[in-house]
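Read the structure below first, then the notes.
Number of protein chains: 2
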Amino acid sequence: MPTMTAAQRRARDRDLYNAYVAECPSRQVLDAISDKWVTLVLNALADGPLRYSDLARRIAGVSQKMLTQTLRRLERDGLLTRTITPSVPVRVDYQLTGLGETILPVVTAIKQWSEAHIDAIHAARDDYDHGRSGGQ
Amino acid sequence: MPTMTAAQRRARDRDLYNAYVAECPSRQVLDAISDKWVTLVLNALADGPLRYSDLARRIAGVSQKMLTQTLRRLERDGLLTRTITPSVPVRVDYQLTGLGETILPVVTAIKQWSEAHIDAIHAARDDYDHGRSGGQ
DNA sequence: CAGGATCCTAGTCGATACTG
DNA sequence: CAGTATCGACTAGGATCCTG
């Protein structure tokens, strides 16, 4: 017996919807690569394998928490490998897998679209911001 | 004399870096389309223009706050247009612009890569999760 | 050198209530 | 119908300290 009306209905709809969305491969991948640091790490490793500290230096502003977290996620997704060399000071190398390399074109596609249309976006924003009428 | 050493140095480095990153077109676009609702709105409007309430119904689980926020952002970026018809109950139509339509292939590219490799990712995750040796 | 554990802040998102 | 405004829950992310 439903005390619920619109509110709970929407809540349930949302749950169902989220479940559906969570299944969607595009969403999952989008979640994966949309991360701020993921693309940066991917690009950094595009040139070849790097050590942890090299990555940290290369990406500069990243906290080690985020770097480690990002690397772990990418490793988990099979996009890169983590190789530990138990030398005196431990050495860890990260490198893209074959799968990891196949995603580079996608990132490139995004980059190309971006570079092609970013000015249009900026223009649109500019136009939108100090908007219409007679403002200056 | 500066009390700061490594800490503040890194903070400044990060600021500089963030400023640089903020300039990057790819980053900006990635930020724009990586949003949970953006792709959904984009896809919903791919079929043609829709009214606000239609969008709300179509996307189902979205709160009107998020929907409005997403629509405003996309309008600001020039990806869609907002047309107000001052009828008795106000009517507002949203529709993709030419620019908005050009980004659909990019989303499609992501979707295709996703569908092609999502099983590999799942396998990698599965492999990574109950991980190593012979454990299960 | 590489990273785990903690604490804490700032931005995100949803629910609710109200407006034109 | 199509929003705006506000509040509170949640969480991502950064700083710091500590370990193997």
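Sequences listed follow chains A and B, in order. In this text, residue positions in the first sequence follow the numbering used here: the first is 1, and each later residue adds one. In this text, residue positions in the second sequence follow the numbering used here: the first is 1, and each later residue adds one. Cβ coordinates follow ideal geometry from the N, Cα and C atoms, glycine included.
Query, Result
"Ranges of the beta strand (DSSP E) found wholly within the segment 9–70 of chain A, counting only runs of at least 3", "none"
"The segment 88–101 of chain A: positions lying closer than 9 Å to chain B by Cβ", "Thr-97 and Leu-99"
"Cβ-Cβ separation, B/Ala-124 to A/Asp-77 (assumed contact under 8 Å), whole Å", "6 Å"
"Short CB-CB distance (under 9 Å) between A/Ile-84 and chain B", "no"
"Check whether A/Leu-209 and A/Pro-49 have beta carbons under 9 Å apart", "This structure cannot speak to residue 209 of chain A, because chain A is shown only from 1 to 136."
"Assigned secondary structure, B/Val-90 (DSSP; H/G/I helix, E/B strand, else coil)", "coil"
"is_contact[B/Thr-39, chain A] using C-beta, thresh 9 Å", "yes"
"A/Tyr-52 and A/Tyr-94 closer than 9 Å at C-beta", "yes"
"Inter-residue spacing [alpha-carbon to alpha-carbon] between A/His-117 and A/Thr-39", "19 Å"
"Beta carbon of B/Ile-59 nearer than 9 Å to that of B/Val-107", "no"
"Start-to-end residues for the beta strand (DSSP E) that takes in B/Leu-80", "80–85"
"Cα-Cα separation, B/Asp-129 to B/Ala-120", "14 Å"
"Min CB distance B/Ala-47 to chain A below 9 Å", "First, the amino acid is wrong: residue 47 of chain B is Asp here, not Ala. Judged by the 9 Å Cβ criterion, B/Asp-47 is not in contact with chain A."
"Cutoff 9 Å: B/Ala-120 Cβ touching any chain A Cβ", "yes"
"One or two residues paired with B/Leu-74 in a DSSP bridge", "DSSP lists no partner for B/Leu-74."
"Among A/Leu-104, A/Val-41, A/His-122 and A/Glu-75, the one whose alpha carbon lies nearest that of A/Ser-63", "A/Val-41"
"Start-end ranges of the alpha helix (DSSP H) lying completely within the segment 90–119 of chain B, minimum 4 residues", "98–102"
"Straight-line gap, A/Leu-67 to B/Ser-87 (C-alpha atoms, nearest Å)", "53 Å"
"Close beta carbons around A/Val-21, own chain, < 8 Å, minus the five adjacent residues each side", "Arg-27"
"Proximity test, Cβ basis, 9 Å: A/Gln-28 and chain B", "yes"
"Collapsed DSSP secondary structure at B/Ala-124 in the structure displayed", "helix"
"For A/Val-90 and B/Ser-114, believed in contact at Cβ under 8 Å, the rounded distance", "Actually they are not in contact, since the Cβ atoms of B/Ser-114 and A/Val-90 sit about 35 Å apart, beyond 8 Å."
"Cα-Cα separation between A/Ile-103 and B/Gly-61, rounded to whole angstroms", "30 Å"
"Nearest residue (CA-CA) to B/Thr-70, options B/Asp-31, B/Arg-12 and B/Glu-101", "B/Asp-31"
"Neighbour flag for B/Lys-65 against chain A, beta carbons, 9 Å", "no"
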